Amino acid sequence: MSAPEIDRALRRAEEEYLARNPRSREQSERAAAVLPGGTTRTTTFFPPFAPVLESGSGCGIVDLDGNRRVDFLNNYTSLILGHAHPDVLAAAWAAAARGTAFSSPTEQEVRLAEMMAGRVASVEQIRFTNSGTEATMAALRLARAFTGRPLTARFEGSYHGTHDYSAAPAAGVPARIGDLVVTLPYNDISGCEAVLAENAGSLAAVMVEPVLGAGGVVAADRDFLDFLREAAGRMGFLLVFDEIVTFRLHQGGAQAVHGIRPDLTTFGKIIGGGFPIGAVGGRKDVMALLHPTEGSISWGGTFNGNPVSAAAGIVTLESLTADAIYDLNEKGEWLAAQLNGVLEKNQAPARVTGAGSLFNIHATAEEITDSRPVRRADPRLGKLIHLGLMNRGFFLASRGMACLSTAMTQADLDGLVEAVEDLTAELDGG
Ligand SMILES: Cc1ncc(COP(=O)(O)O)c(C=O)c1O
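The opening residue of the sequence shown carries number -1 in the numbering used here; numbering runs sequentially from there.
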C-alpha cells in the first residue's frame, strides 16, 4: 500500500463525496457567510465540508442529499440509545410541556442526581452544568479552592472541553494561565512521578480520562490509575476522573471497572439523554464548597439542571441496566477485534483501539498506549478511511473515533466490517 496508491484512492473518494453531497456543499457554502468556516463546532468540521443533517432515528442519520448513514459517532458518544428514542422523546416532551426552564429547582434534577449518586460509588453530591466543559472547569475550581493550591494537571492528548485550563497553551489563553497548567505523560508512571515531584505542594488536582477519548480511545492501565490514586493521597492533590465519555462503560463509570475512587468526577453526554448537560460530583466535603450559604464558591448557570435534559437523562439511565451496558461493551469489543482482523489481513497500516463500546480507527500500525502514535498517524490514509466510510454509508469522526448505540443491530456492525474490508482490499490491489 504505497503513498501514490493512497493518494489516488483519496482523490477518487473526494470526488465521490462531492458528487454524493451537492446540497450539503451548497448549504455549507451558505453557512460560511455567517458561521466561521460554516460551522459551530470546530470538532465536527472536516474538509471539504461535513454533511448537513436533516434527521436521525435509531442508528440512522439522513442528510440533505438523502444519504442515509449508520451513525457510529452518536453526537460524540452522547446518544447511547441512538437518535430520537421514543421513551426519551416522550420524557423530554412531557417535561417540556410542563415548562422548559425555571429559576428554581425541579424534581427531575434531584431524581437524576439521586440516580447518579446511587450508581457511582465516589459520588456523594452533584452539581449540574450545561456542558462537559463547564463541569471540568467547575471541578478544577473546586480542587483549587479545597486545597488552596494554584496548579492543575492534565495529560498529553487529553480533552476536557474548551475552557482555558483545558486548552492551554493556546491562542487567546494568557501565558499566565498556561503557567498554572501542568502536562503529564499518559500511562507513564515514572514520567508522571518526575513531573509530580517537581510540582509537589502546588498541585491542586490531576484530571484524567480513564480512556483518552479525543486522544484516540486509549485505555489507561490499571496500575497507572492506581498510581495516580496513591500519589494523590501522598501529595495532597485531588484526583479527578473525567468520565464525560467513559460513563457509558459501566453503571458506575470506568472507576467501577477499575475499583478506584476518585475525589471528583465529571460527567456529560449520556446523562442528558441527547440534550445539553454536564455535572461534577464527588466527595461531600469538597462539593460543600458549592453550598450557597456555607460554601465559598458561587456557581450559577441559567440552564443548569434543565428539566428537559434531566428528564431525558433519567429515562436513558433507567434503560442502561448492567446487562444492557455489558452487552453493548461486548459488541464493541467484538467489532474492534473484527476490524483489526480485516486490517491485518489486508495489510493496511492501520489499527483499531477500543474500550467496551468505544473504538477508534487509526491510520498507523504502531502500538498505541498513549496519544503520541495517534499524532504520528498518516493523515492521508486517515482521511481516505473516513471519506471512504462516509461514501459507503458509515458516519465516524474524521479522526476515526466511534462508538456503538443500543439501536444498532448485528447487521449494522457487520456492515462496517464489510465496508472496511472493501476499502482496504481496494487499496491492497492498487
Ligand atoms: C472527556 C471529555 N471531557 C470534556 C468534554 C467537553 O464536553 P462538552 O463538549 O459537553 O463541553 C468532552 C467533549 O467531547 C470530552 O470528551
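We put the beta carbon where it would ideally sit given N, CA and C, even for glycine. Treat the numbers as computed from the prediction; the structure is a model and nothing was measured.
{"query": "Please classify Lys381: is it buried, with 16 or more other beta-carbons within 10 angstroms of its beta-carbon, or exposed?", "result": "buried"}
{"query": "Between the alpha carbons of Gly428 and Thr314, how many angstroms are there, rounded?", "result": "Caution is warranted here: a pLDDT of 44 is assigned to Gly428, below 50, making its placement in the model unreliable, and the coordinate value is therefore given only provisionally. If you take the alpha carbons of Gly428 and Thr314, they lie about 46 angstroms apart."}
{"query": "Provide the residue span of the beta strand (DSSP E) that contains Leu182, from first to last.", "result": "179 to 182"}
{"query": "Please say whether Val215 and Ala353 have beta carbons closer to each other than 8 angstroms?", "result": "yes"}
{"query": "Within the present structure, is the beta-carbon of Thr145 separated from the nearest heavy atom of ligand 1 by less than 7 angstroms?", "result": "no"}
{"query": "Leaving out five residues before and five after Gly189 in sequence, what residues of the same chain have Cβ atoms less than 8 angstroms from its Cβ?", "result": "Leu182, Pro183"}
{"query": "Does DSSP put Glu416 in a helix, in a strand, or in coil?", "result": "helix"}
{"query": "Tell me where the beta strand (DSSP E) around Cys401 begins and ends.", "result": "399 to 401"}
{"query": "Which stretch, first to last residue, makes up the alpha helix (DSSP H) that contains Leu8?", "result": "1 to 18"}
{"query": "Does the segment 132 to 149 come into contact with the segment 198 to 210, if we say contact requires no fewer than three beta-carbon pairs (one atom in each stretch) closer than 8 angstroms?", "result": "yes"}
{"query": "Where the beta carbon is closer than 6 angstroms to any heavy atom of ligand 1, which residues qualify, in chain order?", "result": "Tyr74, Ser129, Gly130, Thr131, Thr134, Tyr157, His158, Gly159, Glu207, Gly211, Ala212, Asp240, Ile242, Val243, Gly266, Gly276"}
{"query": "Considering only the alpha carbon of each residue, which of Pro274, Ala346, Ser317 lies closest to Ala99?", "result": "Pro274"}
{"query": "Evaluate Asn73 with the Cβ neighbour count: other Cβ atoms within 10 Å of its Cβ, from every protein chain shown; 16 or more gives buried, anything less gives exposed.", "result": "exposed"}
{"query": "Checking the sheet assignment: what are the DSSP bridge partners for Arg349?", "result": "His360"}
{"query": "Using three-state DSSP, classify Gly445 as helix, strand or coil.", "result": "Only positions -1 to 428 of the chain appear in this structure, which leaves residue 445 out of reach."}
{"query": "Can you name, in chain order, every residue of its own chain whose Cβ lies under 8 angstroms from the Cβ of Ser76, other than the five neighbours on each side?", "result": "Gly266, Lys267, Ile268, Gly270, Gly272"}
{"query": "By the DSSP assignment, the alpha helix (DSSP H) with Met373 in it spans what residues?", "result": "The question names Met, but residue 373 in the sequence shown is Arg. First-last of the alpha helix (DSSP H) with Arg373: 370 to 373."}
{"query": "Where do the ends of the beta strand (DSSP E) carrying Gln123 lie?", "result": "123 to 127"}
{"query": "Within 10 angstroms of its Cβ, does His289 collect 16 or more other Cβ (buried), or is it exposed?", "result": "exposed"}
{"query": "Roughly how far, in whole angstroms, is the beta-carbon of Ala7 from the beta-carbon of Leu425, given that I think they are within contact range, below 8 angstroms?", "result": "6 angstroms"}
{"query": "Applying the criterion that 16 or more other CB atoms from any shown protein chain within 10 Å of the CB defines a buried residue, is Val350 buried or exposed?", "result": "buried"}
{"query": "Counting Cβ pairs, one atom from each stretch, are 3 or more of them under 8 angstroms apart for the segment 221 to 236 and the segment 31 to 47?", "result": "no"}
{"query": "Taking the C-alpha atoms as reference points, what is the distance between Ala88 and Gly155?", "result": "38 angstroms"}
{"query": "What's the C-alpha gap between Ala195 and Asp321?", "result": "42 angstroms"}
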